[in-house]
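First up is the structure itself, then whatever we jot down about it.
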Amino acid sequence: MAYPERFSNLPDYAFPRLRKLLDSHAPGGEPIAMTIGEPRHPMPDFVAPVMAEAMAGFGVYPPNDGTPELLAAISAWIARRHGATVGTDRIMALNGTREGLFNAAVALCPETKGGKRPVVLMPNPFYQAYAMAALTVGAEPVYVPATAETGFLPDYESLAPEVLDRVALAFLCTPANPQGAVAPRDYLERLLALAERHDFRVLSDECYSEIWREAPPPGVMGVAAAVAADPERVFMFQSLSKRSNLPGLRSGFVAGGAEGIRRIRQLRAYAGAPLPLPLQRVSERAWADEAHVEASLALYHAKFAAADAVFRGANGYRPPDGGFFLWLPVPEQMGDGEAAALKLWVETGVRVLPGAYLSREVGGMNPGARYVRVALVAPIDEMQRGLTRLRDCLYG
1 MAYPERFSNL PDYAFPRLRK LLDSHAPGGE PIAMTIGEPR HPMPDFVAPV MAEAMAGFGV
61 YPPNDGTPEL LAAISAWIAR RHGATVGTDR IMALNGTREG LFNAAVALCP ETKGGKRPVV
121 LMPNPFYQAY AMAALTVGAE PVYVPATAET GFLPDYESLA PEVLDRVALA FLCTPANPQG
181 AVAPRDYLER LLALAERHDF RVLSDECYSE IWREAPPPGV MGVAAAVAAD PERVFMFQSL
241 SKRSNLPGLR SGFVAGGAEG IRRIRQLRAY AGAPLPLPLQ RVSERAWADE AHVEASLALY
301 HAKFAAADAV FRGANGYRPP DGGFFLWLPV PEQMGDGEAA ALKLWVETGV RVLPGAYLSR
361 EVGGMNPGAR YVRVALVAPI DEMQRGLTRL RDCLYG
């Protein structure tokens with residue numbers, strides 16, 4: 001049986017590739033995993049009581065779009081955090097934001113744009129769901145470098161007009177995974193203006209927005225409201241995984257234009273899996289509470305300071321503006337990120353992710369090839385041990 005040709009050149013997902021690279025080698029010390037961005041700070045203490053109270057909800061089919069109470073809690077959070085008024089008809093609860101990022105492309109990408117194959121823009125490096133979504137709908141994924149030269153954000157404005165005129169969707173991640181760059185307000189304003197000129201939608205992945213160093217990152221919904229952008233051009237995706245240390249809850253939301261959300265809801269009704277009702281009750285409480293978010297942020301601030309101290313004076317070290325990853329350049333004599341990851345594992349037991357596994361080669365250049373991604377999610381003492389070994393091995 002033949003499979004679709006558009007999937008034929010997909011590389012393996014990042015973590016199976018990492019296992020192939022490392023698992024046939026013994027670690028050179030106490031294993032310390034710094035690969036997966038799985039938050040390990042304490043869960044909010046209200047999770048278990050709310051879940052226990054709502055257990056009977058597992059006995060009924062859950063509301064497809066989100067309970068009225070959950071949608072109201074999300075709407076209130078958007079108003080507090082971003083100063084934007086977004087009605088509950090413009091929000092849908094997600095069974096994890098990966099579902100939403102993928103299905104938004106399925107629901108919103110047209111079959112053609114101006115009679116031609118549509119383009120889906122994405123930063124390079126990127127979250128792999130963006131590329132799979134583009135390929136699934138038959139669009140052309142265009143990987144736009146997000147490098148030091150562009151502030152680790154994609155420079156969509158630099159693309160040729162004939163490309164921009166074919167764009168149907170543009171993905172953005174802010175703070176960026178893996179580089180930690182925050183899209184400033186003027187960048188978002190220019191992106192929305194570009195979307196208006198070339199008639200495309202912006203899909204803004206803001207799952208790391210509540211982990212920041214200096215100030216809360218601006219969000220696309222707040223900027224869109226301030227500049228009176230067409231609501232149908234702007235879709236924001238959020239998650240409780242990072243904000244509330246609840247990755248196993250698989251809970252998030254998408255907010256956008258009423259018609260676009262109607263289409264995403266319709267797709268979910270036919271092909272999706274709504275969030276179980278007890279998990280919606282926990283989510284409702286989480287979006288209404290900021291105390292646990294502030295406590296977790298304080299722990300990340302301590303981790304940022306510890307990382308800065310470990311790498312003080314290290315050539316090429318750049319502290320992230322947000323999120324919880326370090327995007328570390330590999331010294332030239334070390335080769336590429338794969339070679340560095342293997343050396344670290346074999347000599348120290350520290351496990352990191354080669355940057356090339358998060359990006360694609362375009363024009364003979366892979367913007368992640370000379371980097372490794374390091375997650376700052378472990379307890380701070382374990383994290384410091386791992387970073388110190390990494391520094392001594394790669395930069396010593």
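Mapping of the sequence shown onto the UniProt record's numbering: residues 1 to 396, in sequence order. Beta carbons: idealized from backbone N, C-alpha and C, even for Gly. The structure presented is a predicted model; accordingly, all values stated were derived computationally and were not measured.
Exercise. What three-state label does DSSP hand Y270 in the structure shown?
Worked result: Here residue 270 corresponds to residue number 270 of the sequence shown, with the count starting at 1. Reduced to three states, the DSSP call for Y270 is helix.
Problem set entry | For E140, three-class secondary structure by DSSP | Residue 140 sits at position 140 when you count from the first residue of the sequence shown. E140: strand per DSSP, three-state reduction.
Exercise. What residue does the alpha helix (DSSP H) around D308 start on, and which one ends it?
Worked result: Position 308 of the sequence shown, counted from the first residue, corresponds to residue 308. Counting along the chain, the alpha helix (DSSP H) containing D308 begins and ends at A291 to V310.
Problem set entry | the region 158-175 / the region 195-213 touching (three or more Cβ pairs under 8 Å) | yes
Exercise. Between which two residues does the beta strand (DSSP E) carrying V372 extend?
Worked result: Within the sequence shown, residue 372 is the residue found at index 372, counting from 1. Where V372 is concerned, the enclosing beta strand (DSSP E) stretches over Y371 to A375.
Problem set entry | Euclidean distance between Cα positions of L358 and R40 | Residue numbering aside, residue 358 sits at position 358 when the sequence shown is read from its first letter. Residue numbering aside, residue 40 sits at position 40 when the sequence shown is read from its first letter. If I take the Cα positions, the gap works out to 22 Å.
For this session: Would you list the residues sitting across from I91 in a DSSP beta bridge?
Result: Within the sequence shown, residue 91 is the residue found at index 91, counting from 1. According to DSSP, I91 bridges with A255.
For this session: Let me know the secondary structure DSSP gives G322 once reduced to three states.
Result: Indexing the sequence shown from 1 puts residue 322 at position 322. In the structure shown, G322 sits in a strand (DSSP, three-state: E or B).
Exercise. Using the rule of at least 16 other Cβ atoms within 10 Å of the residue's Cβ for burial, across every protein chain shown, is Y61 buried or exposed?
Worked result: Counting from one through the sequence shown, the residue named residue 61 turns up at place 61. Answer is exposed; the Cβ neighbour count stays below 16.
Problem set entry | Identity of the residues DSSP links to S75 by a beta bridge | As a working note, residue 75 is residue 75 in the sequence shown. Answer by DSSP bridge pairing: none, since S75 is not bridged.
For this session: From the DSSP output, in three-state form, read off C173 for me.
Result: In the sequence shown, counting from the first residue as 1, residue 173 sits at position 173. Reduced to three states, the DSSP call for C173 is strand.
For this session: Could you check how far apart the C-beta atoms of V254 and M92 are, in whole angstroms? I think they sit under 8 Å.
Result: The residue given as residue 254 occupies position 254 in the sequence shown. The residue given as residue 92 occupies position 92 in the sequence shown. Confirmed, Cβ separation roughly 5 Å.
Problem set entry | Where F102 sits in the DSSP three-state scheme | In the sequence shown, the residue the question calls residue 102 occupies position 102. Helix.
Exercise. Who are L203's beta bridge partners in DSSP?
Worked result: Position 203 of the sequence shown, counting from 1, holds the residue named residue 203. In DSSP, L203 forms a bridge with F171 and F235.
Exercise. Within this structure, are the beta carbons of G257 and E232 separated by less than 8 Å?
Worked result: Within the sequence shown, the letter at position 257 stands for residue 257. Within the sequence shown, the letter at position 232 stands for residue 232. The answer is yes: Cβ separation under 8 Å.
Problem set entry | Of the listed residues W287, M334 and S296, nearest to I74 (C-alpha basis) | Taking the sequence shown and counting its residues from 1, one reaches residue 74 at position 74. Residue W287 is the option with its Cα nearest to I74.
Problem set entry | Length-filtered (4 minimum) alpha helix (DSSP H) runs lying within the region 4-73 | 14-22 and 47-53
For this session: Report the rounded CA-to-CA distance for residue 397 versus I264, giving the unit in angstroms.
Result: The first residue shown for the chain is 1 and the last is 396, placing residue 397 beyond what the model contains.
Problem set entry | Supposed contact pair V374 and L328 - C-beta distance, whole angstroms, cut 8 Å | Walking along the sequence shown from the start, residue 328 turns up at place 328. Walking along the sequence shown from the start, residue 374 turns up at place 374. Sure, about 6 Å apart at Cβ, within 8 Å.
Problem set entry | Collapsed DSSP secondary structure at V350 in the structure displayed | Stepping through the sequence shown from its first residue, residue 350 is reached at position 350. Here V350 sits in strand by DSSP.
Exercise. Roughly how many angstroms separate the alpha carbons of R391 and Q333, rounded to a whole number?
Worked result: Here residue 391 corresponds to residue number 391 of the sequence shown, with the count starting at 1. Here residue 333 corresponds to residue number 333 of the sequence shown, with the count starting at 1. Those two C-alpha atoms are separated by around 15 Å.
Problem set entry | P216 - DSSP class collapsed to helix/strand/coil | Within the sequence shown, residue 216 is the residue found at index 216, counting from 1. Looking at P216 - three-state DSSP - the assignment turns out to be coil, as it is neither helix nor strand.
For this session: Let me know the secondary structure DSSP gives L159 once reduced to three states.
Result: Here residue 159 corresponds to residue number 159 of the sequence shown, with the count starting at 1. Coil, per DSSP.
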